[in-house]
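Numbering (UniProt numbering), first residue to last: 1 to 352.
Worksheet: the structure to be examined is printed underneath.
In structure tokens form, the structure reads like this:
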């Protein structure tokens, strides 16, 4: 990677947009690319505003529509992939010609997308990333960031790990960043956290803090998280620390880890009105990453070993199909262990 890398942020929403703005403010050479036409036009016309507890800042930055990638464009030394996990394959194929020979791709995403990035760009140029932040963007060009961004980066070859260290230095104006030696385990640990809170609170159409306060929901979320942790262990992964701060050794156990993770999410990344990314997507009329989160658990464990994730996924699918609304009327079904759902179809092996 060059000393002054050309950076592309592909997916300039609440997370990617905040990264792009912070890098531009630090003097980096950044081009944002976004599939939402209104976002591109708003940023071009009025800049990108990021609102934090410290105030609002508006940044002018170059931004492209997807179609403009068909025009002559420079190659980039670093691509920050910020689209939804289900968009990873086509996004990588679209970006393939635009990555410099010694460049790297950082997949700043939920879900287990690293294999797709490896397949398209090669293992030496693929960097996995765990992200934790509380942010939203309901209006184009206007991001609300409710908690600072934290990233963990890691590669799976010596070359990609070296590139991860370089990428961490480049991205440091945007987030608190650590380098990890076992990025797959770290990604699974984030999926454990996501599996128990992102979709369940969205099914109830409530902010996370309100959802978990309902009778039975805290225990239910812990059950879903324990199933996800069992899936991670069955996939050969290790319990590893994520997020900032010191972790006691007794927290890194199957019995206590999920409660520890959920506690950090609630204490450090949740305000009374914080909506999970899944609920934000549904309120915007978009589909969410339900298959890439709870569906991944069920790619590893059968439904009888992951009954909570089965109920979460089936209810979420029905909501996305328009068969039932999100709302607190789903609480009884979500918590009822006798609810008889049809077997949730597996997608054929571990997701990416």
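Cβ atoms here follow ideal geometry from the backbone N, Cα and C, with glycine treated the same way.
Under 8 Å Cβ to Cβ from residue 351, same chain only, skipping five residues before and after it: list those, please. Here the question's residue 351 lines up with position 351 in the chain shown. Unreliable placement is indicated for residue 351, whose pLDDT of 30 sits below 50; no coordinate value is reported for it.
To the nearest angstrom, how far is it from the Cα of residue 272 to the Cα of residue 136? Here residue 272 corresponds to residue number 272 of the chain shown, with the count starting at 1. Here residue 136 corresponds to residue number 136 of the chain shown, with the count starting at 1. In a straight line, the C-alpha of residue 272 is about 14 Å away from that of residue 136.
If you check the beta carbons only, do residue 278 and residue 199 fall under 8 Å apart? Position 278 of the chain shown holds residue 278. Position 199 of the chain shown holds residue 199. In contact: residue 278 and residue 199 (Cβ atoms closer than 8 Å).
Under 8 Å between the Cβ atoms of residue 80 and residue 50? On the chain shown, residue 80 is found 80 positions in, with the first residue counted as 1. On the chain shown, residue 50 is found 50 positions in, with the first residue counted as 1. Cβ atoms of residue 80 and residue 50: not closer than 8 Å.
What span of residues does the alpha helix (DSSP H) with residue 238 cover, start to end? Here the question's residue 238 lines up with position 238 in the chain shown. Per DSSP, residue 238 belongs to no alpha helix (DSSP H) and is neither H nor E.
Could you give the first and the last residue of the continuous alpha helix (DSSP H) run that contains residue 40? As a position in the chain shown, residue 40 is number 40, starting the count at 1. Segment 37-46, the alpha helix (DSSP H) holding residue 40.
May I have the straight-line CA-CA distance separating residue 247 from residue 83, to the nearest angstrom? Within the chain shown, numbered from 1, the residue matching residue 247 stands at position 247. Within the chain shown, numbered from 1, the residue matching residue 83 stands at position 83. Distance between the alpha carbons of residue 247 and residue 83: 30 Å.
Compute the Euclidean distance between the alpha carbons of residue 12 and residue 64, then round it to the nearest angstrom. Taking the chain shown and counting its residues from 1, one reaches residue 12 at position 12. Taking the chain shown and counting its residues from 1, one reaches residue 64 at position 64. Going by the C-alpha atoms only, they are around 10 Å apart.
I need the straight-line Cα distance from residue 251 to residue 57, nearest angstrom please. Here residue 251 is taken as the residue at index 251 of the chain shown, counted from 1. Here residue 57 is taken as the residue at index 57 of the chain shown, counted from 1. Roughly 38 Å between the two C-alpha positions.
Beta-bridge partners of residue 271, as assigned by DSSP: By 1-based counting over the chain shown, the position of residue 271 is 271. DSSP, once it has assigned bridges, lists no residue as partnering residue 271.
In three-state terms, what does DSSP make of residue 320? Counting from 1 along the chain shown, the entry for residue 320 is found at position 320. DSSP places residue 320 in helix when its eight states are reduced to three.
I need the straight-line Cα distance from residue 187 to residue 8, nearest angstrom please. If you number the chain shown from 1, residue 187 lands on position 187. If you number the chain shown from 1, residue 8 lands on position 8. Distance between the alpha carbons of residue 187 and residue 8 is about 23 Å.
From residue 326 to residue 122, what does the alpha carbon distance come to, in whole angstroms? Position 326 of the chain shown, counting from 1, holds the residue named residue 326. Position 122 of the chain shown, counting from 1, holds the residue named residue 122. Each residue's Cα considered, the two are about 40 Å apart.
Touching or not, the stretch 148-155 and the stretch 124-132, by the rule of three or more beta carbon pairs under 8 Å? yes
How many whole angstroms separate the CB atoms of residue 234 and residue 195, which I take to be in contact at a CB cut-off of 8 Å? Against the chain shown, residue 234 aligns to sequence position 234. Against the chain shown, residue 195 aligns to sequence position 195. That pair is no contact at about 14 Å.
Report the CB separation of residue 189 from residue 131 in whole angstroms; it is logged as a contact under 8 Å. One-based indexing of the chain shown puts residue 189 at position 189. One-based indexing of the chain shown puts residue 131 at position 131. Not really, about 13 Å apart at Cβ, beyond 8 Å.
Which of the three DSSP states, helix, strand or coil, is assigned to residue 311? Along the chain shown, read from residue 1 onward, the residue named residue 311 stands at position 311. Reduced to three states, the DSSP call for residue 311 is helix.
Using a Cβ-Cβ cut-off of 6 Å (strictly less than) and excluding sequence neighbours within five positions of residue 18, which residues of its own chain qualify? For the purposes of this step, residue 18 is taken as residue 18 along the chain shown, with counting starting at 1. For residue 18, where only same-chain residues beyond five positions count, the Cβ hits under 6 Å are 50, 143 and 145.
When you compare the CB positions of residue 203 and residue 316, do they come within less than 8 Å of one another, or not? Here residue 203 refers to the residue found at position 203 when the chain shown is read from its first residue. Here residue 316 refers to the residue found at position 316 when the chain shown is read from its first residue. Cβ distance < 8 Å, so residue 203 and residue 316 count as in contact.
8 Å Cβ cutoff met for residue 55 and residue 78: Position 55 of the chain shown holds residue 55. Position 78 of the chain shown holds residue 78. Going by C-beta atoms, residue 55 is not nearer than 8 Å to residue 78.
Output the boundary residues of the alpha helix (DSSP H) element that contains residue 92. Within the chain shown, residue 92 is the residue found at index 92, counting from 1. Looking at the DSSP string, the run of the alpha helix (DSSP H) that includes residue 92 is 88-95.
Give the secondary structure of residue 109 by DSSP, where H, G and I count as helix, E and B as strand, and everything else as coil. Position 109 of the chain shown, counted from the first residue, corresponds to residue 109. Residue 109 falls in the coil class under three-state DSSP.
In terms of residue numbering, what span does the beta strand (DSSP E) encompassing residue 29 cover? Here residue 29 refers to the residue found at position 29 of the chain shown. Taken as a continuous stretch (DSSP letters only), the beta strand (DSSP E) holding residue 29 covers 29-34.
Determine contact between the stretch 300-312 and the stretch 216-224, defined as no fewer than three beta-carbon pairs at a distance below 8 Å. yes
Would the stretch 18-27 count as touching the stretch 169-188 if we require 3 or more Cβ pairs under 8 Å? yes
Out of curiosity, what's the CA-to-CA distance linking residue 163 and residue 185? Locating residue 163 in the chain shown gives position 163, counting from the first residue. Locating residue 185 in the chain shown gives position 185, counting from the first residue. In a straight line, the C-alpha of residue 163 is about 19 Å away from that of residue 185.
Beta strand (DSSP E) segment containing residue 128, residue limits: Stepping through the chain shown from its first residue, residue 128 is reached at position 128. From DSSP, the beta strand (DSSP E) with residue 128 extends over 126-139.
Measuring only the C-alpha atoms, how far is residue 340 from residue 319? As a first step, residue 340 must be located in the chain shown, where it is residue number 340. As a first step, residue 319 must be located in the chain shown, where it is residue number 319. Approximately 17 Å between the Cα atoms of the pair.
Residue 349 versus residue 301 - alpha carbon distance: Position 349 of the chain shown holds residue 349. Position 301 of the chain shown holds residue 301. Residue confidence for residue 349 is low, a pLDDT of 35 falling below 50, so the modelled location carries little weight and cannot support an answer.
Return helix, strand or coil for residue 74, following the three-state DSSP convention. Position 74 of the chain shown, counting from 1, holds the residue named residue 74. Residue 74: coil per DSSP, three-state reduction.
Give me the Cβ distance between residue 106 and residue 99, rounded to the nearest whole Å; I'm assuming they're in contact under 8 Å. Along the chain shown, read from residue 1 onward, the residue named residue 106 stands at position 106. Along the chain shown, read from residue 1 onward, the residue named residue 99 stands at position 99. Not confirmed; about 11 Å, so no contact.
In DSSP terms, what residue 287 is bridged to: Taking the first residue of the chain shown as position 1, residue 287 is located at position 287. According to DSSP, residue 287 bridges with nothing at all.
Pairwise C-alpha distance: residue 264 and residue 323: Here residue 323 refers to the residue found at position 323 of the chain shown. Here residue 264 refers to the residue found at position 264 of the chain shown. Each residue's alpha carbon lies about 34 Å from the other.
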